[in-house]
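Counted from 1, the sequence shown has number 11 at position 11 by UniProt numbering; the numbering is strictly sequential. Beta carbons are placed, not taken as given, at the ideal position from N, Cα and C, and that holds for glycine.
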Amino acid sequence: MAYGPSDLMGDVVSLVEKRWANVRDVEILGHALGLQDNQTQIHFYRELKRLIRLIPVEVFSDEEQRQNLLNACQLALDTAIEREEDELWSGEGAS
């Protein structure tokens with residue numbers, strides 16, 4: 001069965017519940033969705049970070065856990081942006 005909306009929401013909830021989420025945990029969500037191109041990944045990680053920000057602080061065990069997850073989302077976003085920039089630079093060099 002394909003990875004669907006309920007799977008994604010379950011994984012987001014698991015991510016929020018994880019005490020020490022890291023960038024790899026966030027990137028796994030993008031891979032599970034089959035996001036191939038960098039622009040789509042950038043959009044996804046940006047929106048995921050926005051979603052995490054909207055979750056009430058009381059859901060997290062403490063502010064450190066929330067901030068750690070937001071940092072992991074930002075790192076995933078930064079990595080996707082770097083990959084896109086590398087692609088653009090390598091494409092210009094080939095011309």
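Q: Return the chain-ordered list of same chain residues with a C-beta closer than 8 Å to the C-beta of L51, the five sequence neighbours on each side being excluded.
A: Position 51 of the sequence shown, counted from the start, is the residue given in the question as residue 51. Excluding residues within five positions, the ones whose Cβ falls inside 8 Å are V12.
Q) Is L69 buried or exposed, if buried means 16 or more other CB atoms sit within 10 Å of its CB? A) Against the sequence shown, residue 69 aligns to sequence position 69. Flag for L69 reads buried.
(Q) Taking 9 Å as the threshold (C-beta atoms), are L15 and V23 in contact? (A) Against the sequence shown, residue 23 aligns to sequence position 23. Against the sequence shown, residue 15 aligns to sequence position 15. Cβ distance not < 9 Å, so V23 and L15 don't count as in contact.
Q) Grouping DSSP H, G and I as helix and E and B as strand, with all else coil, what is I28? A) Working through the sequence shown from its first residue, we reach residue 28 at position 28. In the structure shown, I28 sits in a helix (DSSP, three-state: H, G or I).
Q: Quick one: measure Cβ to Cβ for A21 and A72, integer angstroms, because I've assumed they're closer than 8 Å.
A: If you number the sequence shown from 1, residue 21 lands on position 21. If you number the sequence shown from 1, residue 72 lands on position 72. Sure, about 5 Å apart at Cβ, within 8 Å.
Q.
Here's the rule: buried if 16 or more other CB atoms are within 10 angstroms of the residue's CB, otherwise exposed. What is I28?
A. For the purposes of this step, residue 28 is taken as residue 28 along the sequence shown, with counting starting at 1. Exposed, by the Cβ-count rule.
Q: Take Q65 and list the residues in its own chain whose beta-carbon comes closer than 7 Å to its own, dropping the five residues that flank it on each side.
A: Locating residue 65 in the sequence shown gives position 65, counting from the first residue. Cβ neighbours of Q65 beyond the five flanking positions: R19.
Q: Enumerate in chain order the residues of its own chain whose CB-to-CB distance from E47 is below 8 Å, with the five nearest sequence positions on each side excluded.
A: The residue labelled residue 47 in the question sits at position 47 within the sequence shown. Counting only Cβ-Cβ distances below 8 Å, and skipping sequence neighbours, we find nothing.
Q. Between G10 and A80, is the Cβ-Cβ spacing less than 9 Å?
A. Here residue 10 refers to the residue found at position 10 when the sequence shown is read from its first residue. Here residue 80 refers to the residue found at position 80 when the sequence shown is read from its first residue. Their beta carbons are not under 9 Å apart, which means G10 does not touch A80 by this criterion.
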